[in-house]
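Residue numbers (my numbering): 1 to 340.
The following block contains the structure:
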């Protein structure tokens with residue numbers, strides 16, 4: 001059935017995920033991470049539901065790709081049917097058959113990670129099918145290309161879509177990397193070994209809690225044998241969807257867009273002293289270049305403890321009384337003893 005992929009047109013739908021904002025207190029600053037859009041000008045936080053209150057202006061702003069090297073893990077479906085190796089041993093096997101293997105290999109070459117990511121970035125590829133395994137170990141991002149995917153025949157006999165374990169392996173690998181910024185790009189049909197989409201969604205949500213600090217995006221390519229629905233949005237809102245592929249150029253553009261979805265984010269720092277300390281939870285709207293991007297809540301710190309009271313007059317009086325009493329007792333003892 002995958003031969004149909006060679007004649008069907010390219011249909012691409014981007015999940016227009018709304019930008020998301022995360023606010024957190026770190027030391028003497030409030031750190032904001034905006035995912036889903038780059039900074040387009042000065043960044044401000046406006047307290048919501050409060051009128052005539054001046055915004056809090058960020059003291060520093062860093063777009064994702066300006067923050068130093070990145071570690072990116074690609075999680076790729078290695079299912080034989082999906083990669084075009086389902087009939088690799090058939091007598092009528094055509095080595096020039098249009099499969100997803102060829103356009104994917106070309107897309108990895110055109111991606112040009114050396115220029116798409118900051119200098120010093122690294123990449124690796126995990127494949128998932130009947131199992132999850134490392135297809136390409138960690139190496140400089142610019143050295144990862146289509147040749148690393150091997151040949152279509154290398155995927156023969158691999159029947160399965162163990163996507164959750166593929167993502168889990170990528171999380172484990174990313175956790176070992178020293179880079180602060182980490183990406184995961186998932187490429188597959190969005191299906192998982194779990195026959196119930198609710199089970200797959202539950203597994204992905206549970207896994208997300210063990211994979212902190214990783215920004216993900218997914219390129220979901222539906223073939224005629226793929227299930228219509230999947231649970232990919234349970235893992236990431238950044239999803240590009242293709243319903244068919246007729247040329248490498250279409251897949252190349254989609255993979256580039258998927259990487260862009262993952263890197264369209266920035267961090268901003270705000271002085272903590274500008275925020276009230278009343279122990280309440282407040283809502284803030286982040287604005288960049290005059291454009292309202294996203295909102296989030298932030299738990300304010302508790303009010304500062306009152307300073308220790310200064311030595312007041314009564315404290316000095318008590319001290320003076322103690323010293324005076326000690327002196328009087330010493331004098332009385334001296335007189336009681338008389339001259340020696």
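Virtual Cβ for every residue (Gly too), placed ideally from N, Cα, C.
Since this is a predicted model, take the numbers as computed values, not measurements.
{"Item": "Quick one: what's got a C-beta closer than 8 Å to residue 130's C-beta in the same chain, skipping five residues either side?", "Value": "158, 159, 160 and 162"}
{"Item": "Determine the contact status of residue 227 and residue 258, defining contact as a CB-CB distance below 8 Å.", "Value": "no"}
{"Item": "Nearest chain C C-beta to residue 187 closer than 8 Å, yes or no?", "Value": "You won't find chain C in this structure, because it holds only one protein chain."}
{"Item": "Taking the alpha-carbon positions, what's the residue 31 to residue 82 distance?", "Value": "42 Å"}
{"Item": "Comparing C-alpha positions only, which one of 45, 27, 25 and 41 sits nearest to residue 294?", "Value": "45"}
{"Item": "Given a threshold of 16 other Cβ atoms within 10 Å of its Cβ, counted over all protein chains shown, does residue 125 qualify as buried or as exposed?", "Value": "buried"}
{"Item": "Spell out a yes or no on whether the segment 108 to 124 and the segment 140 to 151 are touching, meaning 3 or more CB-CB pairs, one atom from each, closer than 8 Å.", "Value": "yes"}
{"Item": "Could you compute how far the alpha carbon of residue 281 sits from the alpha carbon of residue 57?", "Value": "20 Å"}
{"Item": "Quick one: what's residue 219 bridged to in DSSP?", "Value": "187 and 240"}
{"Item": "Can you grab the Cα-Cα spacing for the pair residue 105 / residue 99, in whole Å?", "Value": "11 Å"}
{"Item": "Could you check what DSSP says for residue 35 in three-state terms: helix, strand or coil?", "Value": "strand"}
{"Item": "With a CB to CB cut of under 6 Å and the five nearest residues on each side skipped, what residues in its chain are close to residue 170?", "Value": "73, 75, 126 and 184"}
{"Item": "Of the choices 134, 274, 38 and 26, whose alpha-carbon is the least far from that of residue 78?", "Value": "134"}
{"Item": "Give the straight-line distance between the Cα atoms of residue 191 and residue 151, rounded to the nearest whole angstrom.", "Value": "23 Å"}
{"Item": "Mark residue 51 as exposed unless 16 or more other C-beta atoms lie within 10 angstroms of its C-beta, in which case mark it buried.", "Value": "exposed"}
{"Item": "So for residue 163, helix, strand or coil by DSSP?", "Value": "helix"}
{"Item": "Round the Cβ separation of residue 65 and residue 256 to the nearest angstrom and send it over; I've been treating them as touching at under 8 Å.", "Value": "Their Cβ separation, rounded to whole angstroms, is 14 Å, which puts residue 65 and residue 256 out of contact at 8 Å."}
{"Item": "Of all the options 47, 59, 71 and 43, which has the alpha carbon lying nearest to the alpha carbon of residue 262?", "Value": "71"}
{"Item": "Could you give the DSSP three-state label for residue 321: helix, strand or coil?", "Value": "helix"}
{"Item": "Which of the three DSSP states, helix, strand or coil, is assigned to residue 92?", "Value": "Because the pLDDT at residue 92 is just 46, under 50, the model does not fix this residue reliably, and the point stays unresolved."}
{"Item": "Ignoring anything shorter than 3 residues, give me the beta strand (DSSP E) runs that lie fully in the segment 106 to 145, in order along the chain.", "Value": "122 to 128 and 132 to 140"}
{"Item": "Below 8 Å CB to CB, which residues in the same chain sit around residue 222 once its five sequence neighbours on both sides are set aside?", "Value": "189, 190, 228, 241, 242, 243 and 244"}
{"Item": "Please report the residue range of the beta strand (DSSP E) in which residue 73 lies.", "Value": "70 to 77"}
{"Item": "Tell me where the alpha helix (DSSP H) around residue 152 begins and ends.", "Value": "Counting along the chain, residue 152 falls outside any alpha helix (DSSP H), and DSSP gives it neither H nor E."}
{"Item": "Would you decide whether residue 187 is buried or exposed? Buried here means 16 or more other CB atoms lie within 10 Å of its CB.", "Value": "buried"}
{"Item": "Please report how far the alpha carbon of residue 389 lies from the alpha carbon of residue 298, in whole angstroms.", "Value": "This structure cannot speak to residue 389, because the chain is shown only from 1 to 340."}
{"Item": "Quick check on the DSSP output: the beta strand (DSSP E) that includes residue 296 runs from which residue to which?", "Value": "291 to 299"}
{"Item": "Report the option in 178, 239, 168 and 42 whose CA atom is closest to the CA atom of residue 210.", "Value": "168"}
{"Item": "Just to confirm, are residue 29 and residue 271 a CB contact at a threshold of 8 Å?", "Value": "yes"}
{"Item": "Looking at residue 107: is its Cβ nearer than 8 Å to the Cβ of residue 251?", "Value": "yes"}
{"Item": "Residues in the same chain with beta-carbon distance under 7 Å from residue 38, minus the five sequence neighbours each way, listed in chain order, please.", "Value": "63, 264 and 266"}
{"Item": "Could you check the C-alpha separation between residue 246 and residue 173 for me, to the nearest Å?", "Value": "Its pLDDT being 48, under 50, residue 246 is placed unreliably in this model, and the value from its coordinates should be taken loosely. C-alpha separation (whole angstroms): 33 Å."}
{"Item": "Nearest to residue 35 by alpha carbon, out of 193, 289, 202 and 19?", "Value": "19"}
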